[in-house]
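Structure record follows, encoded as structure tokens.
Residue numbers (our numbering), protein chains in the order written: chain X, 1 to 296; chain A, 297 to 592.
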């Protein structure tokens, strides 16, 4: 995939802090700013380490946008305590997103209750009911929408690759996310397209177009599907161009909706995490300039 | 998952030879017959080892049915030689299925051309076009249909889990398989439901019902989704009940279509392959009797 050669314009490129896992929030923001990126996507763990107000200040001082906060969700608990704890944690995440100046709170909705620990025991009776787990997600999103709306924050549903359906997200396709979102205002419930999770979907083009038409396309995240798989499945992701995803085509589908937001690079990969921060940022900038930017 | 307790009736249970990888066709057939199973699902490698006519004789002598032949497919080659070779190999598989006395030839359609070797190099320009690869599958299925019809064999499209979209099958959902099949007679192009590959699908119930209504439900294969993943992703499958799949629910959905065919157990798992054949068969018989048969 050679891609077109164009003048680099990194104003819509966003560094998700998960891509530079070894860096503090300050270090990640500095690396993004040095390279000329326009935004950062923040994970709550890095924000908690630096402090909420301080994190907001760090990003403002660097003149960057916060493209999204990752992540709320994990709404599938079957018991009352689990439900209460999840709602409380998501309200905190909504407040954090508003304080950081981003509208978009990415939601990883959670898997089958007993599967949250892959190393855990076999799931007990009843917990294999994925249909019921999905309904709990819909119910709890409904409980969170008014609070999110008050704070000007949008719950951004993320379809995770079906390989994570058991332990991380019972939302597996963009169509499924949009069907769930349809019961709520577009300002309060959106969707994000993460190429790693949805590249294989035969309905991807039509559902990206639908997300745009419904005003729910809240984010575009890029990273590649690589083989062979890493021993830690969650971390088996690569730089754009290192795997099997057709970035020009999917980026065109996103651009055709009129999407004018940031493009976040979120990569889970130990060998990338082991690289120096500036090297990681320069690599994603080069790949973005070649495989994504020309098609936006 | 306790399941209901009923009298074991293994007449619709089929042992797929991939589940007993260490056994010859004769040994697998003997183990299935000893345990009282009604059928076997055969892989072409075991048939080739025993010889085609001899394999048919072995199954007949044991009084078993052949529920399906695995597998045809791998139709995504982008070059003429690859196309010709694939059509030739699939015509041979169609003849083998007819000779073995089964109507159902399971088709694993193939992945992105350059991804067939997971350990191979990064894919070259162009080969990331999954939309074009799917079209080649549809075109080549169309080329094979007349030959299959002449031999009374049905091309059974198998949706593989999206984790295999790059290297094994660009058909990832039952809906996608049925959309492709719609251009052809139901007697010539069907679909198989393999729980391992489709359990996560939010549209599974509706598409199983559709497959039944369209007369295309050609097979039902069961094995479980287990965590953590095996180092060899293809072999990360388990006995029914050892993982996260809701067999009673999915089996009810299949039964509601009026499906009266065999239930094949096809499990890829090194630790199971290392067990004695009779132990494997008795385990799948026990799991089937508890988790599948009561809901058929």
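Beta carbons are placed, not taken as given, at the ideal position from N, Cα and C, and that holds for glycine.
Quick caveat, the model's predicted, so the values are computed rather than measured.
Residue pairing by DSSP places residue 221 (chain X) opposite X:194, X:264 in a beta bridge. Counting only unbroken stretches of 4 or more residues, the alpha helix (DSSP H) elements lying wholly within the stretch 204-248 of chain X are 204-213, in sequence order. When 8 Å is used as the limit between beta carbons, residue 43 (chain X) is near no residue of chain A, the shortest such separation being about 23 Å.
Boundaries of the beta strand (DSSP E) harbouring residue 454 (chain A): 450-454, taken from the DSSP string. Against chain X, the beta carbon of residue 526 (chain A) has no neighbour under 7 Å; the closest one sits roughly 10 Å away. For a Cβ distance threshold of 9 Å, nothing in chain A lies close to residue 151 (chain X): the least Cβ distance comes to about 29 Å. Residue pairing of residue 70 (chain X) in beta bridges, as defined by DSSP: X:43, X:106.
By the 16-neighbour rule on beta-carbons within 10 angstroms, residue 567 (chain A) is exposed. In this structure, DSSP gives residue 269 (chain X) a state outside helix and strand, which the three-state scheme calls coil. Classified as exposed, residue 353 (chain A) has fewer than 16 neighbouring CB atoms from the shown chains inside 10 Å of its CB.
Cβ contact annotation for residue 445 (chain A) (same chain, cutoff 6 Å, sequence separation greater than five): 484, in chain order. Within chain X, the residues placing a beta-carbon under 7 Å from that of residue 529 (chain A) are 229, ordered along the chain. For residue 64 (chain X), there is no enclosing beta strand (DSSP E), as DSSP marks it with neither H nor E. Rounded to whole angstroms, the gap between the alpha carbons of residue 478 (chain A) and residue 443 (chain A) is 18 Å. Contact of residue 112 (chain X) with chain A by beta-carbon distance below 7 Å involves 540. For residue 310 (chain A) against residue 558 (chain A), the beta-carbon gap comes to about 4 Å, under 8 Å, which counts as contact. Beta-carbon to beta-carbon, residue 449 (chain A) and residue 401 (chain A) are separated by about 5 Å, close enough to satisfy the 8 Å threshold. Residue 218 (chain X) sits close to residue 190 (chain X), with the two beta carbons spaced by under 8 Å. Using a Cβ-Cβ cut-off of 8 Å, residue 225 (chain X) counts as an interface residue toward chain A, since at least one Cβ of chain A sits closer than that to its own.
With a cutoff of 8 Å on beta-carbon distance, residue 36 (chain X) and residue 10 (chain X) are scored as near each other. Taking the Cα positions, residue 363 (chain A) is about 6 Å away from residue 335 (chain A). In this structure, residue 447 (chain A) lies away from residue 492 (chain A), with their beta-carbon atoms at least 8 Å apart. Buried is the label assigned to residue 158 (chain X), since at least 16 other Cβ atoms lie within 10 Å of its Cβ.
Not a single CB atom of chain A sits nearer than 8 Å to the CB of residue 253 (chain X).
At a Cβ-Cβ threshold of 8 Å, residue 19 (chain X) and residue 49 (chain X) do not count as neighbours.
Look at residue 172 (chain X): its C-beta is under 8 Å from a C-beta on chain A.
Checking the DSSP bridge columns, you'll see residue 169 (chain X) partnered with X:110. If you look at residue 10 (chain X), you'll find it isn't in any alpha helix (DSSP H); DSSP assigns it neither H nor E. Taking the beta carbon of residue 459 (chain A) as reference, the chain X residues within 7 Å of it are 163, listed in sequence order. Residues of chain A whose Cβ lies closer than 7 Å to the Cβ of residue 176 (chain X) are, in chain order, 498.
Taking C-beta separations shorter than 6 Å and ignoring five residues to either side along the sequence, the partners of residue 317 (chain A) in its chain run 569, following chain order.
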